[in-house]
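K.L.:
Questions regarding the structure given below will be posed in turn.
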Amino acid sequence: MDLKDLYQEVIVDHNRSPRNFGAMEDADRRLEGFNPLCGDRLTLYLKLDGDRITDISFDGSGCAISVASASLMTEALKGKTVAEANAIFDDFHDLLTVDNPDPDLDKLGKLAALAGVRDYPTRVKCATLCWHTVHSALEGEEEPISTE
Amino acid sequence: MNAASAKPLNSAAGLDVERIRGDFPVLQQEVQGKPLAYFDNAATAQKPLAVIETLDEYYRGYNANIHRGVHTLSERATAAYEGARIKVRNFINAAAEQEIIFTRGTTESINLVAQTWARTNLRAGDEILITGMEHHSNIVPWQILCEQIGTVLKVAPIDDRGEVRLEEFERLLGPKTRLVAIVHISNALGTVNPVHHMVERARAHDAVVLVDGAQAAPHTRVDVRELDCDFYALSGHKLFGPTGIGVLYGRKALLEAMPPYQGGGDMIKMVTFEKTVYNDLPYKFEAGTPHIAGVIGLGAAIDYVNGVGLAAIQAYEHELLAYATEAMAAVDGVRIIGTAAEKAGVLSFVMEGIHPHDIGTILDHEGIAIRTGHHCAMPVMDYFGVPATARASFAFYNTRAEVDRLVRGLENAKKVFS
Chain A
1 MDLKDLYQEV IVDHNRSPRN FGAMEDADRR LEGFNPLCGD RLTLYLKLDG
51 DRITDISFDG SGCAISVASA SLMTEALKGK TVAEANAIFD DFHDLLTVDN
101 PDPDLDKLGK LAALAGVRDY PTRVKCATLC WHTVHSALEG EEEPISTE
Chain B
1 MNAASAKPLN SAAGLDVERI RGDFPVLQQE VQGKPLAYFD NAATAQKPLA
51 VIETLDEYYR GYNANIHRGV HTLSERATAA YEGARIKVRN FINAAAEQEI
101 IFTRGTTESI NLVAQTWART NLRAGDEILI TGMEHHSNIV PWQILCEQIG
151 TVLKVAPIDD RGEVRLEEFE RLLGPKTRLV AIVHISNALG TVNPVHHMVE
201 RARAHDAVVL VDGAQAAPHT RVDVRELDCD FYALSGHKLF GPTGIGVLYG
251 RKALLEAMPP YQGGGDMIKM VTFEKTVYND LPYKFEAGTP HIAGVIGLGA
301 AIDYVNGVGL AAIQAYEHEL LAYATEAMAA VDGVRIIGTA AEKAGVLSFV
351 MEGIHPHDIG TILDHEGIAI RTGHHCAMPV MDYFGVPATA RASFAFYNTR
401 AEVDRLVRGL ENAKKVFS
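The structure is reproduced here in structure tokens:
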């Protein structure tokens with residue numbers, strides 16, 4: 001395992017300058033996610049038009065993997081329908097957790113940069129915290145979610 | 001102990017660390033292709049061969065239940081088990097072996113006191129005083145008790161160096177203070193509390209005092225009579241012994257007056273459906289078949305530590321901590337969390353722009369094991385305004401060369417994120 005496979009340039013970049021970062025005053029949905037193991041905390045903001053995500057942002061703090069993952073996720077989900085978002089989450093989750101995944105790299109796009117996380121089982125939760133949070137937010141959950 | 005009898009593990013020149021390292025099989029391995037540098041000793045310490053072989057001998061040679069068997073193996077197991085109790089008694093200088101209760105660990109020891117002594121002796125409105133640097137295991141049992149019986153938890157705050165603010169501690173001691181529960185050495189900060197002074201002040205207010213010695217026992221000489229505390233809790237696995245075994249020291253008069261913690265076998269003298277007579281100390285608090293192997297293994301660990309010598313251990317670790325502190329402080333962007341005047345064994349830190357978890361993963365690639373997270377001391381993290389820290393914690397088998405690798409690892413972490 002090479003450290004560079006985990007901390008790819010795109011991850012370092014999105015950690016340093018996270019996209020869609022900041023609170024959204026007029027969000028339709030707002031949900032907190034928390035990883036008690038690491039102390040990662042993020043708040044996710046969504047604006048919806050019917051079942052389409054018209055805007056998405058996040059704030060909070062966490063390790064490079066969790067921040068970069070949230071940043072990449074917001075880019076991937078903006079403009080997508082709920083069904084499309086869930087499909088991407090499924091693919092992404094498989095990429096990190098399933099043995100011998102067969103990911104559709106075109107569909108995953110930049111999210112594939114996080115593939116290296118699969119070799120670090122303790123870090124998978126860092127990468128998926130934001131996804132679990134957005135998934136719960138889309139389901140209408142209002143209680144903060146936790147990875148533990 | 002065979003290894004130590006040939007040649008002492010310490011001398012006027014200090015510890016023979018190379019020989020000591022040879023006693024720890026787990027250290028003889030590579031992680032990620034690099035020699036393991038194990039800096040997670042505050043979480044759990046590694047086990048010397050003497051402990052591993054003692055466990056092996058017990059299970060191979062004389063595994064049997066204790067106290068009730070008349071057969072040879074049971075007598076051997078009982079003798080080894082009770083022999084270990086005497087070793088613990090001598091190790092912390094308790095007045096009698098009846099004052100040594102075996103538990104699962106520090107956590108259970110504290111819960112035992114909360115649910116027996118405290119639950120029967122405290123009333124609604126009585127105050128329990130702890131400090132702002134406690135491990136969750138010396139916070140939550142008291143919160144549970146407060147919910148049960150209406151006692152009030154008070155917290156003596158810490159300052160920016162990670163020391164208890166003694167004037168606040170003194171101020172919070174009052175007529176309602178019935179119990180003071182304080183950590184001897186902080187696992188998250190390394191602070192060595194002035195426990196002698198704090199115990200004296202607490203007892204001047206007629207409070208019962210429990211000291212959490214989980215981190216202290218492996219690093220400093222503990223003398224419960226000199227300390228004059230009522231309860232002292234420690235864990236075997238941090239003392240180079242097996243996991244799942246710990247000790248509660250309790251002053252005999254208090255233990256005798258306390259109700260049992262759990263009911264079951266071995267803690268009774270006589271049972272009828274009408275009435276049960278509890279056993280004498282210490283068995284009253286050791287219901288069920290105990291962790292016999294763990295107790296015997298803990299005895300072997302104490303023998304090993306005595307063979308190295310706590311005075312020599314303390315001197316060596318003090319020097320290593322000073323060396324590491326200076327080296328780490330010289331790394332640009334490192335902020336050390338916990339800078340008390342008196343510290344032992346722990347270097348907690350954060351790095352600008354790099355989350356502790358990423359530091360941990362990057363160091364693991366170098367074969368270096370540190371801990372990252374809140375160290376079961378979330379209020380300490382809140383106080384210092386960090387979600388987590390990276391923590392290197394030392395034992396007497398760590399070396400300056402390993403510290404140098406740690407520092408190089410941090411420089412490498414900066415490169416990854418540059």
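Chains as they are written, first to last, in the numbering used here: chain A, 1 to 148; chain B, 1 to 418.
Every residue gets a Cβ at the ideal spot worked out from N, C-alpha and C, and that includes glycine.
Using the rule of at least 16 other Cβ atoms within 10 Å of the residue's Cβ for burial, across every protein chain shown, is B/Y58 buried or exposed?
P.N.:
Classification for B/Y58: buried.
K.L.:
Starting from A/V134, find everything on chain B with Cβ-Cβ shorter than 8 Å and list it in chain order.
P.N.:
Going along chain B, no residue has its Cβ under 8 Å from A/V134, so there is no contact; the nearest lies around 21 Å.
K.L.:
Run through chain A and tell me which residues come within less than 7 Å of B/A84, C-beta to C-beta.
P.N.:
Within 7 Å Cβ-Cβ: nothing; B/A84 doesn't reach chain A, min ~35 Å.
K.L.:
Name the two residues that bound the continuous alpha helix (DSSP H) containing B/L234.
P.N.:
Note, B/L234: premise wrong, no alpha helix (DSSP H); beta strand (DSSP E) at 231–235.
K.L.:
Where does B/Y38 fall in DSSP's three states?
P.N.:
Strand, per DSSP.
K.L.:
So with Cβ pairs under 7 Å, would you call B/P387 a contact of chain A?
P.N.:
Output row for B/P387: interface = yes.
K.L.:
Can you give me, in chain order, the residues of the region 366–381 of chain B that have a beta carbon less than 9 Å from any beta carbon in chain A?
P.N.:
So the close ones are T372, G373, H374, M378, M381.
K.L.:
For B/T103, which residues from the same chain have a beta carbon less than 7 Å from its beta carbon, with the 5 sequence-adjacent residues on both sides left out?
P.N.:
Excluding sequence neighbours, B/T103 sits near S109, L112, G246, V247, L248.
K.L.:
Just reading off the beta strand (DSSP E) that A/V124 is part of, what are its end residues?
P.N.:
Note, A/V124: premise wrong, no beta strand (DSSP E); alpha helix (DSSP H) at 124–138.
K.L.:
Relative to chain A, which residues along the region 336–368 of chain B have a C-beta separation below 7 Å, given in chain order?
P.N.:
Hits within the stretch, in order: H355, H357, D358, T361, I362, H365.
K.L.:
Going along the chain, which residues of its own chain have a beta-carbon closer than 6 Å to the beta-carbon of B/K87, five neighbours each way excluded?
P.N.:
If we look at B/K87 and ignore the five residues flanking it on each side, its Cβ neighbours are G299, I302.
K.L.:
For a quick check, are the C-beta atoms of B/I337 and B/F273 less than 7 Å apart?
P.N.:
Contact: no.
K.L.:
Starting from the beta carbon of B/F417, find every residue of chain A whose beta carbon is closer than 8 Å, and list them in chain order.
P.N.:
The contacting residues are Y7, V12, N15, R16, A64.
K.L.:
Starting from the beta carbon of A/G33, find every residue of chain E whose beta carbon is closer than 9 Å, and list them in chain order.
P.N.:
Considering every chain present, this structure includes no chain E. Its protein chains are A and B.
K.L.:
In chain order, what residues of the same chain lie with their CB nearer than 7 Å to the CB of B/M328, ignoring the 5 residues before and after it?
P.N.:
Around B/M328: V334, I336, L347, F349, V407.
K.L.:
Between the C-alpha atoms of A/L37 and B/V224, what's the straight-line distance to the nearest angstrom?
P.N.:
If you take the alpha carbons of A/L37 and B/V224, they lie about 35 Å apart.
K.L.:
On the DSSP bridge list, what partners appear for B/K343?
P.N.:
DSSP output for B/K343 lists B/T191 as bridge partner(s).
K.L.:
Given a threshold of 16 other Cβ atoms within 10 Å of its Cβ, counted over all protein chains shown, does A/T74 qualify as buried or as exposed?
P.N.:
Counting Cβ neighbours within 10 Å, A/T74 comes out buried, since at least 16 surround it.
K.L.:
Excluding five sequence neighbours on each side, which residues of the same chain lie with their C-beta closer than 8 Å to the C-beta of A/A112?
P.N.:
If we look at A/A112 and ignore the five residues flanking it on each side, its Cβ neighbours are L95, P103, L105.
K.L.:
Do B/M258 and B/W142 come within 7 Å of each other at the CB atom, strictly closer than that value?
P.N.:
Their beta carbons are not under 7 Å apart, which means B/W142 does not touch B/M258 by this criterion.
K.L.:
Let me check understanding here. Comparing Cα to Cα, which of B/P35, B/R19, B/F39, B/A37 lies closest to B/P48?
P.N.:
Answer by Cα proximity: B/R19.
K.L.:
Terminal residues of the continuous alpha helix (DSSP H) containing A/S57?
P.N.:
A/S57 -> not in any alpha helix (DSSP H); beta strand (DSSP E) instead, spanning 52–61.
K.L.:
Could you name the residues of the region 112–141 of chain A whose beta carbon sits closer than 9 Å to any beta carbon of chain B, in the order they occur along the chain?
P.N.:
Residues Y120, T122, R123, C126.
K.L.:
Near B/E402, what residues of its chain come up, given a Cβ to Cβ distance below 8 Å and the 5 sequence neighbours on each side ignored?
P.N.:
A37, F39, I368, listed in sequence order.
K.L.:
Taking three-plus beta-carbon pairs below 8 Å as touching, is the region 19–31 of chain A in contact with the region 119–127 of chain A?
P.N.:
Result no; under three Cβ-Cβ pairs closer than 8 Å.
K.L.:
Output yes if chain B places a C-beta closer than 7 Å to the C-beta of A/G39; else output no.
P.N.:
For A/G39, the answer is yes, since a Cβ of chain B falls inside 7 Å of its Cβ.
K.L.:
Give every residue of the same chain whose Cβ lies closer than 8 Å to the Cβ of A/I88, excluding the five residues on either side of it in the sequence, and list them in chain order.
P.N.:
So the list reads A76, L77, K80, K107, L108, L111, once near-sequence residues are dropped.
K.L.:
Sort B/H135, B/M267, B/G288 by Cα distance to B/T106 and report the nearest one.
P.N.:
Of the listed residues, the one whose Cα sits closest to B/T106 is B/H135.
K.L.:
Report the rounded CA-to-CA distance for B/K284 versus A/Y45, giving the unit in angstroms.
P.N.:
If you take the alpha carbons of B/K284 and A/Y45, they lie about 57 Å apart.
K.L.:
Just the Cα atoms here: how many angstroms apart are B/V208 and B/E97?
P.N.:
C-alpha separation (whole angstroms): 21 Å.
K.L.:
For the alpha helix (DSSP H) containing B/I149, list its first residue and its last residue.
P.N.:
Run containing B/I149: 140–149, per the alpha helix (DSSP H) assignment.
K.L.:
Taking three-plus beta-carbon pairs below 8 Å as touching, is the region 216–233 of chain B in contact with the region 58–74 of chain B?
P.N.:
Too few Cβ pairs lie closer than 8 Å, so no.
K.L.:
Taking the alpha-carbon positions, what's the B/A324 to B/A344 distance?
P.N.:
Each residue's alpha carbon lies about 12 Å from the other.
K.L.:
Within 10 Å of its beta-carbon, does B/D476 have 16 or more other beta-carbons around it, so buried, or fewer, so exposed?
P.N.:
Nothing can be reported for residue 476 of chain B, as the shown portion of chain B is limited to 1 through 418.
K.L.:
Enumerate, from N- to C-terminal direction, the unbroken alpha helix (DSSP H) stretches of 4 or more residues contained entirely within the region 56–133 of chain B.
P.N.:
72–92, 106–113, all fully within the region 56–133 of chain B.
K.L.:
With DSSP collapsed to three states, give me the class of B/N2.
P.N.:
With a pLDDT of only 47 at B/N2, under 50, the local geometry of the prediction cannot be trusted, and the value read off the model is given with reservation. Helix, per DSSP.
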